[in-house]
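In the working numbering, the protein residues as written are 1 to 272. Positions of the beta carbon are idealized from the N, C-alpha and C atoms, including for glycine.
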Amino acid sequence: MSDANNEDIVITITDVEATKTAAEQEPEGEEANKGEKRKREMKGHVLNLIVQEELDEINDCIHRVRNAVKYARGSAKRKLEFLHYANQECISRGKMLSLDICTSWNSTYLMLESTLHYRRAYDRMKTRDLNFRDPPLADDWEKARIVHGFLEIVYTVTKIFSGSKYCIANVFLREIYHVFMLLRETSIEDSPFLGSMAVNILVKFEKYWLEKEPNILLSVAFVLDPRSKMRNLKTIFSKIYESYLAPYMLDCVHKTLQDLFIEYVKAYEVSC
Numbered sequence: 001m002s003d004a005n006n007e008d009i010v011i012t013i014t015d016v017e018a019t020k021t022a023a024e025q026e027p028e029g030e031e032a033n034k035g036e037k038r039k040r041e042m043k044g045h046v047l048n049l050i051v052q053e054e055l056d057e058i059n060d061c062i063h064r065v066r067n068a069v070k071y072a073r074g075s076a077k078r079k080l081e082f083l084h085y086a087n088q089e090c091i092s093r094g095k096m097l098s099l100d101i102c103t104s105w106n107s108t109y110l111m112l113e114s115t116l117h118y119r120r121a122y123d124r125m126k127t128r129d130l131n132f133r134d135p136p137l138a139d140d141w142e143k144a145r146i147v148h149g150f151l152e153i154v155y156t157v158t159k160i161f162s163g164s165k166y167c168i169a170n171v172f173l174r175e176i177y178h179v180f181m182l183l184r185e186t187s188i189e190d191s192p193f194l195g196s197m198a199v200n201i202l203v204k205f206e207k208y209w210l211e212k213e214p215n216i217l218l219s220v221a222f223v224l225d226p227r228s229k230m231r232n233l234k235t236i237f238s239k240i241y242e243s244y245l246a247p248y249m250l251d252c253v254h255k256t257l258q259d260l261f262i263e264y265v266k267a268y269e270v271s272c
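Next comes the structure, spelled out in structure tokens:
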């Protein structure tokens, strides 16, 4: 396709400022594309809700870690003592401890990221500070590590989903694929805790993403990315959709590309 046609596709997936001139030329298309943008944002929101719901169900496994953060941050004196324990353990100064908001899994991820860095400092505090009651046990730290590792990947993906200063539609589908593969691989992990968590999220994730009416525009954007080809899309569809549905999905993408090209020819045939 020509550069002009590629520009039309980009219009549908970029922000308003980046496509102001083109939007004025194609008002009807822009309106439809706003719907696609809202659809993409809703998908990202659904992912957030799914992860948060699962985290609420396993909240008890990290409550001791959360309480440990509250204790260390309880006063200026405790903060200094905690840093002293960290120095004794030769722990580099990373991000200072941050307390999460229980209803926000993003903040829970950031809390775990900072707290796990200081685990040995907490172990030392446990033996020196008699007021430090009910500290995290070894099992608590292990579960916190597992949850953090899983949330780290989802956190990276949701940051891509919510990007507003750059075009992301061409990588959106690829990231969804990575989430699917992560969940499916994790669901058969030897760790019952991790496997159960992944299965619960996977069931809900598939409910919202494996719909019979695919988000064609994202697939088109993926194919038009010079790094991707139709065969790459075929591989992705074959792994995330049932065997009977994958060919149907590919046919939809083929037809959409053909329709876009026909519309392009009609729009510019006079000037040609």
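- Message: So, for K326: in the same chain, excluding its five sequence neighbours on each side, which residues have a beta-carbon less than 8 Å away from its beta-carbon?
- Response: For residue 326 there is no data in the structure shown, the boundaries of the chain being 1 and 272.
Note to self: I need the straight-line Cα distance from A23 to H254, nearest angstrom please.
What the structure shows: Sequence index remark: in the sequence shown, residue 23 carries index 23 (1-based). Sequence index remark: in the sequence shown, residue 254 carries index 254 (1-based). Here A23 scores only 39 on pLDDT, less than 50, and its place in the model should not be relied on; the value that follows carries that caveat. Going from the Cα of A23 to the Cα of H254 covers about 25 Å.
Option in Q52, R64, D56 with minimal Cα separation from D139:
Working through the sequence shown from its first residue, we reach residue 139 at position 139. Closest option to D139, Cα to Cα, is R64.
- prompt: Just curious, the alpha helix (DSSP H) that M125 is in, first and last residue?
  reply: Residue numbering aside, residue 125 sits at position 125 when the sequence shown is read from its first letter. Start and end: 119-128.
request  = Put R227 into one of helix, strand or coil per three-state DSSP.
outcome  = As a working note, residue 227 is residue 227 in the sequence shown. For R227, the secondary structure class from DSSP, reduced to helix, strand or coil, is coil.
| query | Is it a yes or a no for the stretch 176-187 touching the stretch 124-143, going by three-plus beta-carbon pairs under 8 Å? | reply | Touching, no.
Run of the alpha helix (DSSP H) containing L275, from where it starts to where it stops:
Here the chain has residues from 1 to 272 only, and residue 275 is not among them.
*Would you kindly work out how many angstroms separate the C-alpha atoms of L257 and V220, rounded to a whole number?*
Mapped onto the sequence shown, residue 257 falls at position 257. Mapped onto the sequence shown, residue 220 falls at position 220. Approximately 7 Å, taken between the alpha carbons.
Exercise for review: Please check the pair F205 and I50, which I expect to be a contact at CB under 8 Å, by giving their CB distance rounded to whole angstroms.
Suggested key: Translated into the one-based positions of the sequence shown, residue 205 becomes position 205. Translated into the one-based positions of the sequence shown, residue 50 becomes position 50. That pair is a contact at about 6 Å.
- Query: Can you give the beta carbon distance from R78 to A72, rounded, assuming they're within the 8 Å contact cut?
  - Reply: The sequence position of residue 78 within the sequence shown is 78, counting from 1. The sequence position of residue 72 within the sequence shown is 72, counting from 1. Correct: roughly 6 Å between the Cβ atoms.
### Cβ shell of F132 (< 7 Å), same chain only, five flanking positions each side left out
Walking along the sequence shown from the start, residue 132 turns up at place 132. Excluding residues within five positions, the ones whose Cβ falls inside 7 Å are Y71, M125, K126.
Handout entry: C-alpha gap between S75 and L83, whole angstroms
Key = For the purposes of this step, residue 75 is identified with residue 75 of the sequence shown, where counting begins at 1. For the purposes of this step, residue 83 is identified with residue 83 of the sequence shown, where counting begins at 1. Those two C-alpha atoms are separated by around 13 Å.
* Asked: Which whole-angstrom value describes the C-beta separation of N106 and Y155, a residue pair presumed to lie in contact below a C-beta threshold of 8 Å?
  -> Within the sequence shown, residue 106 is the residue found at index 106, counting from 1. Within the sequence shown, residue 155 is the residue found at index 155, counting from 1. Going by Cβ atoms, the distance from N106 to Y155 rounds to 6 Å, so yes, they are a contact pair.
| request: Look at A198 and L183 and say whether their C-beta atoms are less than 8 Å apart. | output: The count along the sequence shown starts at 1 and reaches residue 198 at position 198. The count along the sequence shown starts at 1 and reaches residue 183 at position 183. Annotated as proximal: A198 and L183, with beta-carbon spacing under 8 Å.
Alpha helix (DSSP H) segment containing K77, residue limits | Walking along the sequence shown from the start, residue 77 turns up at place 77. Boundaries of the alpha helix (DSSP H) around K77: 76-88.
*Whole-angstrom distance between S243 and I262, CA atom to CA atom*: Counting from 1 along the sequence shown, the entry for residue 262 is found at position 262. Counting from 1 along the sequence shown, the entry for residue 243 is found at position 243. Rounded to whole angstroms, the gap between the alpha carbons of I262 and S243 is 30 Å.
Alpha-carbon to alpha-carbon, T103 and Q52:
Residue 52 sits at position 52 when you count from the first residue of the sequence shown. Residue 103 sits at position 103 when you count from the first residue of the sequence shown. In a straight line, the C-alpha of Q52 is about 7 Å away from that of T103.
Report task. Could you check which residue in E113, D100, M230 has the C-alpha nearest to that of R145? Result -> By one-based count along the sequence shown, residue 145 stands at place 145. The shortest Cα separation from R145 among E113, D100, M230 belongs to E113.
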